[in-house]
Amino acid sequence: MKASIRFKIMGALFLIALLSVTATIYYSFAGMRQVIAESLAYGENQGHQLAKDSRKALRSRIETDLADSAEDQARIIGLIQENIAGAVNGVIDDVMAGRLYWGKGNTEQLRMAGQDPERPEQFALCHFAPGVPQNVRNQATLKKLAAAFPFLYELSKSSPFIESSAVILPDGIQIFHPWRNLPADYDARSQNWYREVLAAKGKIHWSKVREGVMVCARAAYSDSQLLGVIATEIPVDPVSGQVTAIRSGYLSFLTSSDGRILSGDKEFAALSGSAEELKRYIQSGKKGVFQLKGGKGPLLAACAPVPECGWKLVICQPESQALKSIADMEKRLKTDRETAQAQFEGRISQMTPGYILIIASLLILLLLLGYLLARQLTRPISTLMESAHAIGSGHLDNKIHLHTGDELEQLANTVNQMADDLTRYIKNLNQAASDRQRVEAELRTAAAIQADMLPKEITGRSDIDICAVMKPAREVGGDLYDYVFIDPTHLFFVIGDVSGKGIPAALFMATAKTLMRGFARNALSPAEILQQTNNYLEEENDNCMFITVCCGLLDCVTGEAVCCNAGHNLPVYLHADGNSSLLKLPAGFPLGPFHQDSPEFYTEERLQLKPGDALVLYTDGITEAMNANHEQFGSGRLQLALSAAAPGKGPLRKTMDSLLDIVKEHVGDARQSDDLTVLMIQYKGVAQK
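Under the working numbering, the first residue of the sequence shown carries the number 232, and numbering increases by one thereafter.
Take a look at the structure:
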């Protein structure tokens, strides 16, 4: 239901009042909320500043403590390595002092590979590397080597971090404690660490960590003669675990000087995306405290060098754990702010019902005033509406009388003028409708006359078959076709297209058709018919109209056809087997514009039709028929359509219907833009009786 003007005026006043009061109350409440928010924000800023200062001081203390812890733990690892190196040096010193009495030991404590003891720590493995002579691999050698067992046993027990110890003699004889089962082709002399020990020239050497194990070894020399190598194997994880055991909640791991992880792979994996950043920091040689990204948040990290072997110890502590007290204080500040804000909001909520009551009272008063004002304003409009309804019902002589002195009076005068104009318009419209009906009747008569001028269907002949169609784009068109027997065996046929459409084109077409039929009955050749018709048309052609024509003469006995063209579309020669081609006729010049003195201006072409062959003449309404995409039908589609429906021995009408269906399918819903005419003549070769 549509709202009246009175209702709209009341609604507008009510809406304006509602918006005004609402805006006032809104800004009042907004002002109070802003004061509250600013007060809370000031307190919050002071709290944040306090937390920030506390965080800064606490962080500085934590970083100092973390750096000191890293250096202390690095020194502890260094002391562990010093202890192991001292034990190795002690064995070397015993060898150099002559306290290793070769040949005076218990051979029962030596076992070969494959002799698995129940308690490997009570035995040592005597292993002969490939290349050791067989005459050395005997009991006498074992007895000589047994003296090394007590030294190796004490060396293995000297530190809880030593996993095993060994004596490697230059000739390939090797002793390992505790006993282990080694492959027969194992040779410690081929290991990288062994070559590195020899390169150290009698000094303690710490190897690189390989598969979580490092080697501490030293070579013993006498007068530059290598006596052997004392070596120990130390797993890295227990050494690194010493730090973790001391500092609960910390992440720690050992790296080489180039940043390669030696122990603590799980701790290292917790660094998430900062692994590469850590490696770059270690490779830079810096020490101190820095920050890393962890999988569960930022980490504070400290790096310190291990003096004995060039390692780096990294200790990490989650920043959230280090600064937990500050985070708790910030949480309390946030909770206090939320509590204060809730109290203020509650006070505002208590004031809201009073404001709502005031607004409701004002709105009711405004509605009453709006109704009175709207009724006063809409009285002239009601009068104007009633008079407009009367005019709309056909009472155009009804006049509106308003004397308000405003726009409504002007509107009333305009409506009165409109009624007068409408009266005159209806009178003129009735006259125009009468004239249009008369013209349409005349056009229908002209269309009937034009249809009557078309040749009648030829029946009773077996030597030829003729089928023709003409569809004007308007009531009457400018296309023409005609055929007539000038004697019992010769058929004259013609098709043409007049420039333009409608009545002028139809009259020009009728004149040309009458002339050509008359000249054909006088036994003129096709070229003479075109020349004579052109000259007659040119004499009275002040509007310079023209017509394209293609005509011919068919001998129905022999099948010989003589064709001549005057600027028209080339006919299609449709063979009985379905093949088709365009006749190669000279283009010629359309009829009407210019006088021609000789029939030789138009060239005749002869062709021999075989039984079943047909000539298809058409206007450009076929080839230029367009679809909605502005694609023309074209001569190519025309030939394909004719070949697909070649009549052979069947009726020519079937070919015509097939062609028209294909053209209609191509055009679709697009409007016909030109006259469409097709003339088909088939030579059957059967003599007329």
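We put the CB at the ideal spot given by N, CA and C, even for glycine.
Taking the continuous alpha helix (DSSP H) assigned at residue i, which residues delimit it?
i	result
phenylalanine 380	380–388
lysine 702	Unbroken run through lysine 702 is the beta strand (DSSP E), 695–702; no alpha helix (DSSP H).
glutamine 866	For the sequence presented, residue 866 should be read as serine rather than glutamine. Element bounds for serine 866: 865–875.
phenylalanine 832	Where phenylalanine 832 is concerned, there is no enclosing alpha helix (DSSP H), given that its DSSP letter is neither H nor E.
valine 444	Run containing valine 444: none in the alpha helix (DSSP H); it sits in the beta strand (DSSP E), 444–453.
phenylalanine 739	733–752
glycine 852	851–854
glutamate 770	757–770
valine 428	423–430
How would you write the range of the beta strand (DSSP E) that residue i sits in, first residue to last?
i	result
leucine 883	Where leucine 883 is concerned, there is no enclosing beta strand (DSSP E), although the alpha helix (DSSP H) it sits in stretches over 883–898.
glutamate 464	456–466
glutamine 346	Glutamine 346 -> no beta strand (DSSP E), and no H or E assigned at all.
glutamine 405	404–408
glutamate 791	791–797
lysine 374	From DSSP, lysine 374 is part of no beta strand (DSSP E) but of the alpha helix (DSSP H) over 370–376.
phenylalanine 723	721–729
Run the CB neighbour count on residue i, radius 10 Å, all protein chains shown included, and call it buried at 16 or more, exposed below.
i	result
valine 266	exposed
arginine 449	buried
isoleucine 236	exposed
glutamate 294	buried
arginine 441	exposed
lysine 658	exposed
serine 937	No answer is possible for residue 937: the residues shown for the chain start at 232 and end at 920.
alanine 532	buried
asparagine 661	exposed
asparagine 774	exposed
lysine 562	exposed
isoleucine 404	buried
glycine 585	exposed
glutamine 548	buried
asparagine 412	exposed
phenylalanine 238	exposed
aspartate 900	exposed
alanine 243	exposed
arginine 342	buried
alanine 737	buried
methionine 445	buried
serine 251	exposed
Out of the options, point me to the one whose CA is closest to residue i's CA.
i	options	result
proline 735	Glu759, Leu755, Asn772, Ala699	Asn772
phenylalanine 723	Tyr586, Ser556, Ala754, Ser438	Ala754
lysine 687	Tyr712, Ala664, Ala344	Tyr712
leucine 544	Asp325, Leu297, Ser251, Ile315	Leu297
glutamate 640	Ser665, Arg610, Asp651	Arg610
arginine 902	Phe864, Ala859, Leu485	Ala859
threonine 764	Leu785, Val788, Val725, Ile404	Val725
alanine 872	Leu883, Gly879, Val894, Glu862	Val894
alanine 875	Asn276, Asp900, Leu805	Leu805
alanine 650	Tyr602, Ser618, Leu761	Ser618
leucine 206	Gln913, Ala856, Asp418	Residue 206 lies beyond the range of the chain shown here (232 to 920); nothing can be said about it.
glutamate 464	Gly433, Val520, Leu310, Ser390	Ser390
glycine 309	Glu769, Val537, Val363	Val537
aspartate 299	Ala462, Ile546, Ser613	Ile546
glycine 623	Leu604, Leu633, Asn647	Asn647
isoleucine 689	Leu376, Lys439, Val715	Val715
alanine 419	Lys434, Pro401, Ile435	Pro401
glutamate 770	Asp718, Gly783, Lys815, Gln827	Gln827
lysine 815	Pro821, Cys794, Ala807, Glu831	Cys794
Given the structure, does residue i come close to the ligand FAD, in the sense that its CB is under 6 Å from one of the ligand's heavy atoms?
i	result
glutamate 464	Absence of the ligand FAD from the depicted structure is noted, as is the absence of any ligand whatsoever, leaving it without description.
With residue i and residue j assumed to form a contact (beta carbons below 8 Å), what rounded beta-carbon distance in angstroms separates them?
i	j	result
glutamate 896	glutamine 839	That belief does not hold up - the Cβ atoms of glutamate 896 and glutamine 839 are roughly 35 Å apart, past 8 Å.
aspartate 710	glycine 819	Between glycine 819 and aspartate 710 the Cβ distance is about 18 Å, and since that is not below 8 Å, they are no contact.
serine 915	aspartate 694	The displayed chain sequence assigns lysine, not serine, to residue 915. With 8 Å as the limit, lysine 915 and aspartate 694 qualify as a contact, their Cβ atoms being about 6 Å apart.
glutamate 835	serine 756	7 Å
glycine 727	isoleucine 760	Not confirmed; about 12 Å, so no contact.
tryptophan 437	threonine 486	Incorrect: roughly 14 Å between the Cβ atoms, too far for contact.
isoleucine 393	isoleucine 315	6 Å
threonine 256	isoleucine 579	Before going further, note that residue 256 is isoleucine rather than threonine in the sequence given. At roughly 11 Å, the Cβ-Cβ gap does not stay under 8 Å, so isoleucine 256 and isoleucine 579 are not in contact.
Cβ contact check for the region 376–391 and the region 401–408: 3 or more pairs under 8 Å: Between the region 376–391 and the region 401–408 there are three or more inter-stretch CB-CB distances shorter than 8 Å, so the stretches are counted as touching.
### Query
Counting Cβ pairs closer than 8 Å, one from the region 698–715 and one from the region 724–741, do we hit at least three?
yes
Review point. Is the region 842–851 touching the region 898–915, taking contact as three or more C-beta pairs under 8 Å?
Key: yes
Touch check for the region 742–750 and the region 796–806: three-plus C-beta pairs under 8 Å? no
Inter-stretch contact at 8 Å, needing at least 3 Cβ pairs: the region 426–435 / the region 344–358: no
At least three beta-carbon pairs within less than 8 Å, the region 301–320 to the region 549–560: Because the criterion of three Cβ pairs below 8 Å is not met, the region 301–320 and the region 549–560 do not touch.
*Using 8 Å as the threshold, is the region 628–637 in touch with the region 587–601, meaning 3 or more CB pairs across them?*
Proximity of the region 628–637 to the region 587–601 falls short of the contact definition, fewer than three beta-carbon pairs being nearer than 8 Å.
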